[in-house]
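**Student:** Please find one structure pasted underneath; my questions will follow.
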Amino acid sequence: MASRIPAITLHNGGKMPMVGLGTYQGHDDEMRQVLNVALECGYRHIDTATVYRNEAEIGDVLHEWLSSGRVAREELFVVTKLPMTGNRSGDVGRFLQDSLDKLRLSYVDLYLIHSPVGMKANSKGVLDMDTNHEEVYKAMEEQHPVVTSMAKRLGRTPAQVLLRSDEYPILLQHPVVTSMAKRLGRTPAQVLLRFFDPEQLGRHSEVHQSETGQRELQSTHCRLQIRRIPDLLQHPVVTSMAKRLGRTPAQVLLRFLIQNNLVVIPKSTNQKRVKENFNVFDFELSSEDMASLEALDRKGDGRVIDFKSLFEGIENHPEWPFGIPY
Ligand SMILES: NC(=O)c1ccc[n+]([C@@H]2O[C@H](COP(=O)([O-])OP(=O)(O)OC[C@H]3O[C@@H](n4cnc5c(N)ncnc54)[C@H](OP(=O)(O)O)[C@@H]3O)[C@@H](O)[C@H]2O)c1
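Everything in the sequence shown is counted per the working numbering, starting at 572 for the first residue and increasing by one.
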């Protein structure tokens, strides 16, 4: 059952559907039911993480769909994330493998670093101030299915495969590598061989810093402050626009993001809302409507979670991301 919704094309040619299912706080049978409904609607992009503790439920449902032939693996776009306790190069492999085992998949389509700031292993929240994103990213590249299978075939380690560029033409043609080579006046092979030398090549790692929420931390660290901001679903600009267009406020807001070329991953455990959130491709917001919604932006004040209240001294971490002006 193919699903045809718009997708963005990633550097490697992979297609990321513009609507995905958020799964944070979805568990057990509720998670299984919602994912079944979502897949029936046409969702093919699923966002999970080690810390959401629902990879096993998601894996059960995906396995049923894949083994019955209702969906092909290539149609799915599954995202999971390296937890804060695994932000070290030596931990990447085992955390990824654990996620793959739970998801019952041989690969994920996107593996993110859940938070740029890591924690020491088994420390119940002690920050690891020595995070090295280049090393973590390198370890992630080494886990790429193309690299691991090539390493196995050649009897080499993944690191050797990555550095023997003559045996790894795919990386040599990678747009990130070729564009960097052009910018630096080097060959793609030179870029690869210097890949982990930021002094010479500039910072180029594609470390993702998309998320910061941590369920387990919320339960063990009650100091987390969640700032109250106006509920956009009930904002008069949004509700009146939704009424005029015959849509729901959620559809208007999702459509606004999509028209800004942003991929959305709304979470819902309500089956009606799961369907509603997917039906956002049969209408368009005018440029006036887009401008009215843009005007609601509160910039930095719209950030909901204050991580400084969660981890003392987190703002001193070298990778603390919120010092960057909005
Ligand atoms: N905290 C994290 O770890 C984190 C951080 C960023 C992003 N993410 C990822 O992004 C996803 C979305 O996260 P989020 O922070 O944007 O949302 P969220 O806080 O996970 O939940 C969205 C809220 O909106 C409600 N909702 C969903 N569809 C609706 C609709 N059509 N109308 C009205 N209410 C609706 C949901 O309630 P019902 O379930 O009752 O519908 C839920 O309360 C997560 O599930 C996760 O995959 C996670």
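Heads up, the beta-carbon is just placed ideally off N, CA and C, and yes, glycines get one too. Nothing here was measured: the structure is a model prediction, and the numbers come from that model.
What are the residues that DSSP puts in a beta bridge with Y682?
**Tutor:** As a first step, residue 682 is located in the sequence shown; it is residue number 111 there, counting from the start. Answer is T651.
**Student:** Please report the distance separating the alpha-carbon of L683 from that of R815.
**Tutor:** Reading the sequence shown from its first residue, position 112 is the one you call residue 683. Reading the sequence shown from its first residue, position 244 is the one you call residue 815. Cα-Cα distance, rounded: 39 Å.
**Student:** Taking all protein chains shown into account, decide if G817 is buried (16 or more other Cβ within 10 angstroms of its Cβ) or exposed.
**Tutor:** Sequence index remark: in the sequence shown, residue 817 carries index 246 (1-based). It is exposed - the Cβ of G817 has fewer than 16 other Cβ atoms within 10 Å.
**Student:** Relative to ligand 1, is the shortest distance from any of its heavy atoms to the C-beta of S839 smaller than 7 Å?
**Tutor:** By one-based count along the sequence shown, residue 839 stands at place 268. Yes; taking the cut-off as 7 Å, the Cβ of S839 has a heavy atom of ligand 1 nearer than that.
**Student:** Runs of 4 residues minimum, wholly inside the region 796-850: which ones carry the alpha helix (DSSP H) assignment?
**Tutor:** Complete alpha helix (DSSP H) runs here, min 4: 807-816, 820-830 and 842-849.
**Student:** Any idea if P759 is buried or exposed, counting beta-carbon neighbours within 10 angstroms, 16 or more meaning buried?
**Tutor:** Position 188 of the sequence shown, counted from the first residue, corresponds to residue 759. The residue in question, P759, is buried, as its Cβ has 16 or more Cβ neighbours within 10 Å.
**Student:** Using three-state DSSP, classify P577 as helix, strand or coil.
**Tutor:** For this step, residue 577 is matched to residue 6 along the sequence shown. P577 falls in the coil class under three-state DSSP.
**Student:** Check whether the Cβ atoms of V605 and G597 lie closer than 8 Å to each other.
**Tutor:** Counting from one through the sequence shown, the residue named residue 605 turns up at place 34. Counting from one through the sequence shown, the residue named residue 597 turns up at place 26. In this structure, G597 lies closer than 8 Å to V605 by Cβ.
**Student:** Among V718, F852 and M751, which one has its Cα closest to the Cα of V835?
**Tutor:** Here residue 835 is taken as the residue at index 264 of the sequence shown, counted from 1. Of the candidates V718, F852 and M751, the one whose C-alpha sits nearest the C-alpha of V835 is F852.
**Student:** Between D600, S863 and P654, which has its C-alpha nearest E628's C-alpha?
**Tutor:** Numbered from 1 along the sequence shown, position 57 holds the residue referred to as residue 628. Closest option to E628, Cα to Cα, is D600.
**Student:** Hey, how far is the Cα of G661 from the Cα of Q805?
**Tutor:** Counted from its first residue, the sequence shown places residue 661 at position 90. Counted from its first residue, the sequence shown places residue 805 at position 234. Roughly 46 Å separates the two Cα atoms.
**Student:** Which whole-angstrom value describes the C-beta separation of V649 and V622, a residue pair presumed to lie in contact below a C-beta threshold of 8 Å?
**Tutor:** As a working note, residue 649 is residue 78 in the sequence shown. As a working note, residue 622 is residue 51 in the sequence shown. That belief does not hold up - the Cβ atoms of V649 and V622 are roughly 16 Å apart, past 8 Å.
**Student:** Less than 7 Å separating the Cβ of L653 from some heavy atom of ligand 1?
**Tutor:** Locating residue 653 in the sequence shown gives position 82, where the first residue counts as 1. Checking every heavy atom of ligand 1 against the Cβ of L653, none is found closer than 7 Å.
**Student:** Can you have a look at F827 and say buried or exposed, based on whether 16 or more other CB atoms are within 10 angstroms of its CB?
**Tutor:** For the purposes of this step, residue 827 is identified with residue 256 of the sequence shown, where counting begins at 1. By the 10 Å Cβ count, F827 comes out buried.
**Student:** Assuming contact is defined by CB atoms lying nearer than 8 Å, are L833 and V809 in contact in what I supplied?
**Tutor:** Taking the first residue of the sequence shown as position 1, residue 833 is located at position 262. Taking the first residue of the sequence shown as position 1, residue 809 is located at position 238. No. Outside cutoff.
**Student:** At a threshold of 7 Å, does A821 count as lining ligand 1 (C-beta to nearest heavy atom)?
**Tutor:** Locating residue 821 in the sequence shown gives position 250, where the first residue counts as 1. Because some heavy atom of ligand 1 lies under 7 Å away, the Cβ of A821 counts as near it: yes.
**Student:** Do T702 and V688 count as a contact pair if the criterion is CB distance below 8 Å?
**Tutor:** As a position in the sequence shown, residue 688 is number 117, starting the count at 1. As a position in the sequence shown, residue 702 is number 131, starting the count at 1. Contact: yes.
**Student:** Taking the alpha carbon of E890 as the reference point, which residue from V590, T651, G871 and M655 has its own alpha carbon closest?
**Tutor:** Here residue 890 is taken as the residue at index 319 of the sequence shown, counted from 1. Ranking V590, T651, G871 and M655 by Cα distance to E890 puts M655 first.
**Student:** Taking 8 Å as the cut-off, decide whether the C-beta atoms of V845 and V608 are in contact.
**Tutor:** Along the sequence shown, read from residue 1 onward, the residue named residue 845 stands at position 274. Along the sequence shown, read from residue 1 onward, the residue named residue 608 stands at position 37. Result yes, Cβ atoms of V845 and V608 sit closer than 8 Å.
**Student:** Helix or strand or just coil, what does DSSP make of V889?
**Tutor:** In the sequence shown, counting from the first residue as 1, residue 889 sits at position 318. Rather than Val, the amino acid found at residue 889 in this sequence is Pro. Coil at P889, not helix or strand.
**Student:** Based on Cα-Cα distance, which residue from E883, F849 and Q830 lies nearest to E865?
**Tutor:** Position 294 of the sequence shown, counted from the first residue, corresponds to residue 865. When each option's Cα is compared against that of E865, the closest is Q830.
**Student:** Taking 7 Å as the cut-off, is the C-beta of L804 nearer than that to any heavy atom in ligand 1?
**Tutor:** As a working note, residue 804 is residue 233 in the sequence shown. Because some heavy atom of ligand 1 lies under 7 Å away, the Cβ of L804 counts as near it: yes.
**Student:** Mapping DSSP to helix, strand and coil, what is G584?
**Tutor:** Indexing the sequence shown from 1 puts residue 584 at position 13. Note: G584 maps to coil in three-state DSSP.
**Student:** Find the nearest neighbour of K673 within the set N625, P837, K838 and K753, judged by alpha-carbon distance.
**Tutor:** Residue 673 sits at position 102 when you count from the first residue of the sequence shown. Out of N625, P837, K838 and K753, N625 has the C-alpha closest to the C-alpha of K673.
**Student:** Could you give the first and the last residue of the continuous beta strand (DSSP E) run that contains D618?
**Tutor:** The count along the sequence shown starts at 1 and reaches residue 618 at position 47. Counting along the chain, the beta strand (DSSP E) containing D618 begins and ends at H616 to D618.
**Student:** Go ahead and label Q822 buried or exposed: buried means 16 or more other beta carbons lie within 10 angstroms of its beta carbon, across all protein chains shown.
**Tutor:** Translated into the one-based positions of the sequence shown, residue 822 becomes position 251. Under this definition Q822 is a buried residue.
**Student:** Work out the CA separation of N693 and R754 for me, nearest whole Å.
**Tutor:** Here residue 754 refers to the residue found at position 183 of the sequence shown. Here residue 693 refers to the residue found at position 122 of the sequence shown. One C-alpha to the other measures close to 42 Å.
**Student:** Just grab the DSSP bridge partners of G689 for me.
**Tutor:** Taking the first residue of the sequence shown as 1, we reach residue 689 at position 118. The partner list for G689 (beta bridge, DSSP) reads D699.
**Student:** Could you confirm whether any beta carbon from chain D is found closer than 8 Å to the beta carbon of L856?
**Tutor:** Absent from the structure: chain D. Only one protein chain is present.
**Student:** Considering only residues of the same chain and omitting the five flanking positions on each side of S781, which have a CB-CB separation below 7 Å?
**Tutor:** Sequence index remark: in the sequence shown, residue 781 carries index 210 (1-based). A caution first: S781 carries a pLDDT of 27, below 50, which makes its placement in the model too unreliable to give a value.
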